[in-house]
Amino acid sequence: MNRQASAPASYVVGDEEWELCNEDGFIYKRLKLPEETAAGEASKPPDPDLDPAEEERNRRKRKTRILVKFKRKYQREIDHWEILSNNLCAMQEKANQFQNSVPEATSSIEIGKQIEKDASSRRSLLLDELLSVEEAREWIIQNVSQVCEIAEEISRVEEEEEKEMFFNLPVWGTPKDLMASLCYD
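Anchor point for the sequence shown: position 68 equals 68 in full-length UniProt numbering, and the numbering is continuous, going up by one each time.
If you want it as structure tokens, here you go:
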């Protein structure tokens, strides 16, 4: 049987490079081999003429490439979480500062109550205190909403990247490509 294979189409998903192969009408996807193994070095038995030091150097190069790829992937994820963590810490600091300023306002209210026994002034001071507490709550809710929006945006981007993996498959770019792959000689 005459085995016919077309040149594989390659594309990148995340940090991995994939290739689509078409062998006798059987189309499949596989991870693309590194350049040095693409020529068939991975499938060949170890060359007895190859120096062990050279083999060790090649192994270290492959290991280094893999580790660099993992480092980039995890560094992006760490950066996202650091941003969220910094926003949360800033919100906590501002909330603590506000809570520390509220007792000072309470003590000034108590002094005002002792100086002025007028009922209307006490009511206005109490209303001012309640208003400042509600403004602080509103500020906290706004900051939490911002953090939630950031988290939603991150998850939306990750979800769209996963969707792209399935929707942007370069199996057949055009109907002509489809027909060519189905009717090749």
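Even for Gly, the Cβ is constructed at its ideal location relative to N, Cα and C.
Worksheet item: Which two residues bound the contiguous alpha helix (DSSP H) that contains K176?
Response: Within the sequence shown, residue 176 is the residue found at index 176, counting from 1. It spans P175 to L182 - the alpha helix (DSSP H) in which K176 sits, taken as one unbroken run.
Practice prompt. Can you say whether E16 is buried or exposed, counting buried as having 16 or more other CB atoms within 10 angstroms of its CB?
Written response: The residue given as residue 16 occupies position 16 in the sequence shown. So E16 counts as exposed.
Worksheet item: Could you check where the beta strand (DSSP E) with K29 kicks off and where it finishes?
Response: Reading the sequence shown from its first residue, position 29 is the one you call residue 29. From DSSP, the beta strand (DSSP E) with K29 extends over F26 to L31.
Fill in: Cα-Cα separation between R30 and F166, rounded to whole angstroms
Sequence index remark: in the sequence shown, residue 30 carries index 30 (1-based). Sequence index remark: in the sequence shown, residue 166 carries index 166 (1-based). So the two alpha carbons sit approximately 14 Å from each other.
Worksheet entry | For L50, the first and last residue of its enclosing beta strand (DSSP E) | Position 50 of the sequence shown, counted from the first residue, corresponds to residue 50. Where L50 is concerned, there is no enclosing beta strand (DSSP E), given that its DSSP letter is neither H nor E.
Fill in: Presumed contact (8 Å Cβ cut-off) between I27 and L20, rounded CB distance
As a position in the sequence shown, residue 27 is number 27, starting the count at 1. As a position in the sequence shown, residue 20 is number 20, starting the count at 1. Indeed they touch by this definition, with Cβ atoms about 6 Å apart.
Practice prompt. Please list, in chain order, all residues of the same chain as R60 whose beta carbon is under 7 Å from its beta carbon, the five residues on each side excluded.
Written response: Taking the first residue of the sequence shown as position 1, residue 60 is located at position 60. Once the five neighbours on either side are set aside, R60 has no close Cβ partner at all.
Worksheet item: How big is the Cα-Cα spacing for L131 and L125?
Response: As a first step, residue 131 must be located in the sequence shown, where it is residue number 131. As a first step, residue 125 must be located in the sequence shown, where it is residue number 125. Distance between the alpha carbons of L131 and L125 is about 10 Å.
Worksheet item: Going straight from the alpha carbon of residue 192 to that of I83, what length do you get?
Response: Only positions 1 to 185 of the chain appear in this structure, which leaves residue 192 out of reach.
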